[in-house]
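A quick write-up on the structure given underneath.
There are 2 protein chains.
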Amino acid sequence: MRIMRYSVAMSLDAYIADPKGGYDWIVMDPEIDFKEMFKSYDAVVMGRKSYEAAKQKGGYGMPVPKAYVVSRTLKQADCPDAVVLTDAAKVADLKKMKGKDIWLFGGGELFRSMLELRLVDAVEVAVIPVLLGDGLPLLPKTLARAKLKLTGQKPFKKTGTLLLNYEVRYGMMSVRAGR
Amino acid sequence: MRIMRYSVAMSLDAYIADPKGGYDWIVMDPEIDFKEMFKSYDAVVMGRKSYEAAKQKGGYGMPVPKAYVVSRTLKQADCPDAVVLTDAAKVADLKKMKGKDIWLFGGGELFRSMLELRLVDAVEVAVIPVLLGDGLPLLPKTLARAKLKLTGQKPFKKTGTLLLNYEVRYGMMSVRAGR
């Protein structure tokens, strides 16, 4: 079974983008080896909004061979550079295929679906030293409470970015009553 | 000038309590030296809700000599164990008094006020390895965006708790337009 990792940058108050979807607060630490990071993946999964935002910024160009977009509304014919998955549960099939790790790119809503479906195996956050005060959350509200296991942590001195690695422990997941 | 530090435990998705104000998800790591931590303070500042929640749990008993509650509604006569400050800005006067560090206990709303008034000097979070999915935020929504400087980080192996220390860099603080 392949591993799917939600790998994102977030502020200390757990936003992955500012209220307008902006990223100007993310400082790229020169010492983070992105090439090495990307090498561990051969597929990237993202939600429709993340896909469209990437396209707007001059085209989709993530250095990962195969891209998948989870969307009920996008048509395959309109997405020549990605495979459209019409149902989040179909990501389970991807995990059964042979290959390297799968990068869950985001956004938060897709992460929530993947967490509720118990499909995401690891959470890797680059904590940027900033309090944004508002924005798009790492994890939008959900009744699921997921315990994690800290598997790694590395500070980067130049920017004060912290790279944190967690495994999701579904055996200890619980769901709150009521909405 | 005394230093005020906002020191709290939070989930990875930046909640300091569950939706009902509960703390059952906070695992006390036996290796964290709370005595040593408390020694650096001689005053604690908290909001009304935090004060009342502490009282409900069998009385207020934090091992810090002097307690202050920021509240417009509480009466001093009803709070024999704390000094009532009727205005958040009065915390500035506390900082001018001689003494050790001031512990900003919380909650998030008071932290927001203190941040907007530029009165909190450091943010120290114990990141508990859990995604709560909802709850009381570390920092409720604000237009202020505060840059931080990572000054320390320490993992605790037994529980996977991470202790992170940041300084607030007000020189680089910005305020978004509109509400």
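These protein sequence lines are chains A and B, in that order.
Quick note: the first sequence uses the numbering used here, first residue 1, plus one each step.
Quick note: the second sequence uses the numbering used here, first residue 180, plus one each step.
C-beta atoms are modelled at their ideal positions from N, C-alpha and C, and glycine is treated no differently.
Interface residues of the stretch 249 to 281 of chain B facing chain A [CB-CB below 7 Å]: The stretch 249 to 281 of chain B vs chain A, Cβ under 7 Å: nothing.
Collapsed DSSP secondary structure at B/D280 in the structure displayed: Residue state, collapsed to three classes: strand.
A/L131 beta carbon less than 8 Å from that of B/L327: Yes, the pair counts as a contact, with Cβ atoms nearer than the cut-off.
Outcome for B/S219 when other beta-carbon atoms lying within 10 angstroms are tallied against a minimum of 16: Around the beta-carbon of B/S219, fewer than 16 other beta-carbon atoms lie within 10 Å, marking it exposed.
8 Å CB neighbourhood of A/D134 in its chain, flanking five on each side removed: Annotation for A/D134: Y15, D18 and P19 place their beta carbon closer than 8 Å to its own, counting only its chain and skipping 5 residues before and after.
6 Å CB neighbourhood of B/T321 in its chain, flanking five on each side removed: Excluding residues within five positions, the ones whose Cβ falls inside 6 Å are R291.
Simplified DSSP state of A/A82, which is helix, strand or coil: It is coil, neither helix nor strand.
Local conformation of B/G287 per DSSP, three classes: Reduced to three states, the DSSP call for B/G287 is helix.
Interface flag, B/K328 vs chain A, CB-CB below 8 Å: Yes, contact with chain A.
Inter-residue CB distance, A/V168 and A/A144 (contact presumed, cutoff 8 Å): With a beta-carbon spacing of about 10 Å, A/V168 and A/A144 fall beyond the 8 Å limit used to define contacts.
Touch test, the stretch 101 to 119 of chain A against the stretch 151 to 162 of chain A, Cβ-Cβ under 8 Å, three pairs minimum: Judged by Cβ distances under 8 Å, the stretch 101 to 119 of chain A makes no contact with the stretch 151 to 162 of chain A, as fewer than three pairs qualify.
Neighbouring residues, chain A, relative to B/A323 (Cβ below 7 Å): Simply G133.
Pairwise C-alpha distance: B/V249 and A/M173: Taking the straight line from one Cα to the other gives about 37 Å.
Closer than 8 Å to chain B by CB, A/K141: A/K141 counts as touching chain B.
Integer-rounded CB distance, given that B/M180 should sit under 8 Å from B/K274: About 6 Å; that satisfies the 8 Å criterion.
Residues near B/W204 by beta carbon distance below 8 Å, same chain, minus five either side: Closer than 8 Å at the Cβ level, and outside the excluded window around B/W204, lie S190, D197, I307, V309 and L311.
Interface partners of B/D192 on chain A, CB under 8 Å: When 8 Å is used as the limit between beta carbons, B/D192 is near these residues of chain A: A14, P137, L138 and L139, in chain order.
Beta carbon proximity, A/G160 to chain B, threshold 8 Å: Yes, A/G160 lies at the interface with chain B (some Cβ there is under 8 Å from its Cβ).
Cβ pair B/A267, B/Y230 closer than 8 Å: The Cβ-Cβ distance between B/A267 and B/Y230 does not fall below 8 Å.
Beta carbon proximity, A/P30 to chain B, threshold 8 Å: With 8 Å as the cut-off, A/P30 does not count as an interface residue toward chain B.
Contacts of B/V309 in chain A (Cβ-Cβ under 8 Å): Near B/V309 (Cβ distances below 8 Å), the residues of chain A are R145, A146, K147 and L148.
Separation of B/A256 from B/A233, as counted between CA atoms: Straight-line spacing of the CA atoms in B/A233 and B/A256 works out to 18 Å.
Reference A/S7; option with closest CA among A/I32, A/E31, A/P65 and A/V123: Cα-wise, what sits closest to A/S7 is A/V123.
Exposed unless 16 or more other CB atoms sit within 10 angstroms - verdict on A/R5: Of the other Cβ atoms in all chains shown, 16 or more fall within 10 Å of the Cβ of A/R5; this residue is therefore buried.
Start and end residues, alpha helix (DSSP H) containing A/D93: Counting along the chain, the unbroken alpha helix (DSSP H) around A/D93 starts and ends at V91 to K96.
Rounded C-alpha distance that separates B/D272 from B/P316: Each residue's alpha carbon lies about 27 Å from the other.
8 Å contact criterion, which A/I3 and A/V45 should meet: CB distance rounded: Not quite, the Cβ-Cβ distance comes to about 12 Å (not below 8 Å), so this is no contact.
C-alpha gap between B/L329 and A/P80, whole angstroms: Going by the C-alpha atoms only, they are around 43 Å apart.
Opening and closing residue of the alpha helix (DSSP H) in which A/M194 lies: Examination of residue 194 of chain A is not possible in this model, given that chain A is present from 1 through 179 alone.
Cβ neighbour criterion (16 or more within 10 Å) applied to A/G47: Flag for A/G47 reads buried.
CB contact below 8 Å: A/Y170 versus chain B: With 8 Å as the cut-off, A/Y170 does not count as an interface residue toward chain B.
Whether B/D208 touches B/P244 by CB criterion (8 Å): No, these two residues do not count as a Cβ contact at 8 Å.
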